[in-house]
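Presented below is the structure to which this report refers.
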Amino acid sequence: MWSQPENHLLEAGQQRPSPLVRPAPSRPATSVPAVPEAPAAPAAPAAPDLRLPEEPDSPLDPEAGRVSIGIVGAGQFSKSFATLWHLHPHVSRLSITDVIPERAAALAAEYEDAQTIGSYQEMLDSDIDAVAIFTQRWTHGPLVLQALRAGKHVYSAVPMAVELTEIEEIIAEVRRTGLTYMMGETSYYNPATVYMRDRIRKGDLGRVFYTEGDYVHDMDLGFYAAYRYSGGPGWKATASYPPMLYPTHAIGGVLGALPARAVSVSCIGVEDDRDDGVFDRELSQFNNSFSNASALFKLSDGGAMRTNEMRRVGYPSPIRESRFRFFGTEASFEQLAHQTVWNDKQESHDISADFIPVRHPQPEVADLDPALRAAFSSGTAAVHDRSRLPREYDHAPNGHEGAHHFLADDFIRSLVTGESPPVNAWRAAMFTAPGIVAHASALAGGTQLPIPDFGAPPSPSLSPRRNRTTDPSRGRSS
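Per the UniProt record's numbering, the very first residue in the sequence shown carries number 1; after that it's consecutive.
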């Protein structure tokens, strides 16, 4: 699914590039760029734990503690989660910061007792338990590291980072500090992924040997407006963001159901030819001219995964912008825009009805481009089990085919119980790093490249965080 290009980190009118991202060096049009080296792996890394966790089946204990959350970036996407955390019975306080103070003030005004904080650093210096980062996608890595080093738990919008070294550093900080990191990958709760996680766990497909995850979102369908909103006067420089550096909706939808990781990739990038200044290497902050890219991954279980990241495509993205296919030796699963089918060796079964998200009018998304409203107003489908969610979410705004409620609850549940969230730092790396290497492969003309293994979380759980109690009155750990 799609995440809105989040709010400015720059002051209004300030020009790119951002100081938080190292722009790609310029190169002659005919040269082959150097392939980024993978970070050095630690000696004899433990094999990653690829098992997907069982989902909880009941809400948190009402007597469990409460936590305080700081929202970083008051843009179009963060509002959805600010509302859900404000409603959550285990959140004691909500604070908001943005480099455009008026945006932070406007968002805080919608919630009783929410407050604004003048800057990100001031938020990190405060007694907030955790920060939730909703900024431009290429800034996530540095901001996450800053928060972890300040002793804050972190929720981050996707992607985890845009460089392998940033991923390595985030994992090292989580391991060192024992703090919680969670990446908010909406596809982990996409109805297709939820359904296939259960069917694969039961062995219903036999051996799964081939999978596909496609994220098909044409720039004309809301992305131009979104980038203008988040990018300011220099928006075309950032609208050229490389498709394979935003890989987690496609990859996460597959590897969120299949206990495997990508070990190598060959990727082809398609040069854009629209000539409107977007995906123009001369203007691009990322020196990028690919508007579409297709990657073929080898998986650790011996199977194959193909993903497509498409930004120029004749496809009705508002209907279904992420779609998946799983092929096994005994059965298979396929999706189109309106149809979902389960196939066995005798018949094809139309199961589309179980995957249609409930949609309700949501005033919160009235200011979004019409092509984006579907993603921000789609509720749960029949395949979702809502029994573990707080009752306060029964009529709350939702989005990305029901994912928002589960992601918001996952983070709070992790902070209160000390248990690892499903998309922790190690799983976030499995969803993000393949795309970074795929982009490098595309720049090198499709060369097959290895994908680093970032190792296993500390034993005995997926997260080194110890259980902790919380003072309900202040939202601080004790």
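Built from N, CA and C at the ideal position, the CB exists for glycine as well.
Predicted, not measured: the structure shown is a model, and the values here were computed from it.
Expected contact under 8 Å - CB spacing of residue i and residue j to nearest Å
i           : j           : result
residue 81  : residue 404 : 7 Å
residue 436 : residue 145 : Their Cβ separation, rounded to whole angstroms, is 16 Å, which puts residue 436 and residue 145 out of contact at 8 Å.
residue 446 : residue 268 : 5 Å
residue 116 : residue 97  : 7 Å
Under the three-state DSSP convention, the category residue i falls into
i           : result
residue 179 : coil
residue 198 : helix
residue 294 : strand
residue 271 : strand
residue 262 : strand
residue 458 : coil
residue 121 : helix
residue 96  : strand
residue 325 : strand
residue 81  : helix
residue 300 : coil
residue 128 : coil
residue 146 : helix
residue 284 : coil
residue 90  : coil
residue 205 : coil
residue 134 : coil
residue 406 : helix
residue 256 : coil
residue 387 : helix
residue 479 : What the structure shows of the chain is the stretch from 1 to 478, and residue 479 is not part of that stretch, so it cannot be assessed.
residue 72  : strand
residue 306 : strand
residue 450 : strand
residue 224 : helix
residue 399 : coil
residue 334 : strand
residue 380 : coil
CB contact flag (residue i, residue j, <9 Å)
i           : j           : result
residue 141 : residue 162 : yes
residue 255 : residue 123 : no
residue 89  : residue 390 : yes
residue 197 : residue 257 : yes
residue 178 : residue 416 : no
residue 70  : residue 126 : yes
residue 57  : residue 289 : no
residue 281 : residue 52  : no
residue 222 : residue 317 : yes
residue 356 : residue 382 : yes
residue 174 : residue 425 : yes
residue 46  : residue 455 : yes
residue 87  : residue 392 : yes
residue 244 : residue 428 : no
residue 414 : residue 193 : no
residue 205 : residue 260 : no
residue 109 : residue 94  : no
residue 247 : residue 48  : no
Neighbourhood of residue i by C-beta, 8 Å cutoff - its chain only, sequence neighbours within 5 removed
i           : result
residue 410 : 182, 421, 422, 423
residue 62  : 89
residue 350 : 339, 340, 341
Nearest candidate by alpha-carbon position, reference residue i, set the options
i           : options            : result
residue 155 : 387, 186, 168      : 186
residue 157 : 72, 380, 451       : 72
residue 84  : 450, 426, 406, 448 : 406
residue 284 : 237, 66, 115       : 237
residue 448 : 393, 327, 295      : 295
residue 153 : 308, 68, 301       : 68
residue 325 : 253, 261, 272      : 253
residue 276 : 220, 298, 315      : 220
residue 274 : 245, 59, 240       : 240
residue 358 : 327, 333, 396, 392 : 396
residue 328 : 211, 320, 50       : 211
residue 297 : 246, 148, 104, 209 : 209
residue 91  : 103, 98, 97, 111   : 111
residue 249 : 301, 143, 315, 322 : 322
residue 432 : 105, 79, 171       : 171
residue 480 : 128, 148, 189      : Outside the shown range of the chain (1 to 478) lies residue 480, about which nothing can therefore be said.
Own chain, CB closer than 6 Å to residue i, minus 5 neighbours either side, in chain order
i           : result
residue 313 : 216, 218
residue 344 : 331
residue 310 : 216, 292
residue 348 : 341
residue 308 : 214, 294
residue 450 : 264
residue 166 : 141
residue 398 : 379, 404, 405
residue 228 : 235
Chain-order list of residues whose beta-carbon lies under 7 Å from that of residue i (same chain, five-residue window excluded)
i           : result
residue 242 : 286, 288, 290, 439
Min CB distance residue i to chain D below 9 Å
i           : result
residue 217 : Judged by its chain identifiers, the structure shown contains no chain D, having just a single protein chain.
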